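Under our numbering, the sequence shown has 14 at position 13, and the numbering climbs by one with no breaks. Every residue gets a Cβ at the ideal spot worked out from N, C-alpha and C, and that includes glycine. It should be emphasised that the depicted structure is a prediction, and the values quoted were computed from it without experimental measurement. Everything below concerns the one structure shown next.
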Amino acid sequence: MGQETIDLVAFDERHLDGAVLLSRETGWPHRREDWAMVLALSHGFVALQGDVVVGTAMLTPFGDDCATVNMVIVAASMRGRGLGRKLMDAALQACGARECRLTATADGLPLYEKLGFSATHEIRQHQGIVTPLPADAAQDALKLDWAGPESFPAVAALDLQALGMDRRPLLRLLTEAGRMVIHREAGRIVGYAAMRRFGRGEVIGPVVANTLDQAQSLLSFLIASRPGAFLRVDTAEWQQLSPWLSAHGLVSVGGGIAMRRNVIGTRPLGPAKPFALASQALG
Ligand SMILES: CC(C)(COP(=O)(O)OP(=O)(O)OC[C@H]1O[C@@H](n2cnc3c(N)ncnc32)[C@H](O)[C@@H]1OP(=O)(O)O)[C@@H](O)C(=O)NCCC(=O)NCCS
């Protein structure tokens, strides 16, 4: 292949198949549907060599003051020529003055540092076939229930409290694409967890709760509903959920570094905390 021109264009549905090939070559498990979900929420950019997708990046805005950058990939044969930086420049232009968050791989870290991102914490990826839960694992069944449409405002408020960004469009897609369980205390919704198909199996996340115990109850409830399934959970190391996940058969297979750029002041964070990510792409 010669030194053909690379075009940077807006990512649309026609590029999905090429993007799936690119992520597979990189060892990422995303299916076409997983790419389509991120695209539905994002401004996407794709680098084309002729008709071939050789690079991607997405900017997912969450409200007016926050966004995530994700799906940054350059074909192995094209790396080290400035394409990653060009894609990131396009994504950051779409980000504007928003605070920008991402989960970096070891490959991406040097580029992101050069672009002004700073590491905040470590993300651990756990996955596997879960070991069967003891019979009393659903002991909190009275406090836990499947979420209905009436739960949405409370779930969205908890998510905002935990993340400091308005993820309502994502939460709507998650309720359509999968199942959600809520945790009540004294009649109030204090936590939620979502599960959907993703990659090789299913992913549980986000998990938002006030305490580690509540987060584990939510996870137990969802895990018990899918015996034998291949499950994945991404969690921030500081939330200390990793040992529990490992003990239940979801082993740590790596992770990434959470980074932020252009951090906007202090946000009104409440007792709700994010125990598991929706995905490394979407926080
Ligand atoms: C991360 C990735 C997109 C970078 O793409 P790329 O086209 O090779 O990046 P560029 O050529 O634009 O290099 C970007 C900058 O990072 C620097 N850089 C890249 N790798 C580096 C390394 N290992 N150490 C130090 N600097 C490095 C380059 O020197 C360049 O700096 P410059 O613009 O000041 O010259 C690519 O490696 C990739 O697709 N990796 C696999 C998927 C992945 O992990 N994506 C990141 C997800 S968070």
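**Study point:** Residue range of the alpha helix (DSSP H) that includes Phe222
**Key:** 213 to 225
Exercise for review: May I ask you to report which of helix, strand or coil DSSP gives Leu232?
Suggested key: strand
Exercise for review: Please determine, among Phe199, Ile205, Gly179, Gln215, the residue with the shortest C-alpha to C-alpha distance to Gly192.
Suggested key: Of the candidates Phe199, Ile205, Gly179, Gln215, the residue whose Cα lies closest to the Cα of Gly192 is Gln215.
Check your understanding: Nearest to Glu203 by CA position, among Gln241, Pro30, Ala58, Glu14, is which residue?
Key -> Pro30
Practice item. For Thr236, count neighbouring Cβ atoms within 10 angstroms of its own Cβ and tell me buried if that reaches 16, exposed if not. Key: buried
Review point. CB of Ile205 to nearest heavy atom of ligand 1: below 7 Å?
Key: no
Review point. Helix, strand or coil: which one does DSSP assign to Thr69?
Key: strand
Point to revise | Residue nearest to Leu242 in terms of C-alpha spacing, selected from Leu213, Asp146, Asn263 | key: Leu213
Practice item. Determine the closest residue to Ala286 out of Arg25, Val73, Gly83, Ile190, with distance taken between C-alpha atoms. Key: What the structure shows of the chain is the stretch from 2 to 284, and residue 286 is not part of that stretch, so it cannot be assessed.
Review point. Can Arg80 be considered in contact with ligand 3, in the sense that its beta carbon sits closer than 7 Å to one or more heavy atoms?
Key: For ligand 3, the structure offers nothing, since it holds only ligand 1.
Practice item. Give me whichever residues DSSP pairs with Phe63 in a beta bridge. Key: Note: Phe63 sits in a beta bridge opposite Cys67.
Point to revise | Distance between Pro207 and Gly3 (C-alpha atoms, nearest Å) | key: Low confidence applies to Gly3: its pLDDT is 49, below 50, so where it sits in the model is not reliable, and the reading given next is rough at best. Here the alpha carbons of Pro207 and Gly3 stand approximately 44 Å from one another.
**Study point:** Closest Cα partner of Arg168 within the set Val53, Gly64, Gln281, Glu26
**Key:** Residue Gly64 is the option with its Cα nearest to Arg168.
Review point. Hey, would you say Ala148 sits closer than 8 Å to Met181, going by beta carbons?
Key: Judged by beta-carbon spacing, Met181 lies within the 8 Å limit of Ala148, meaning their Cβ atoms are closer than that value.
**Study point:** Cβ-based neighbour list, Val131, same chain, cut-off 7 Å, excluding 5 preceding and 5 following
**Key:** Ile224, Leu232, His249, Gly250, Leu251
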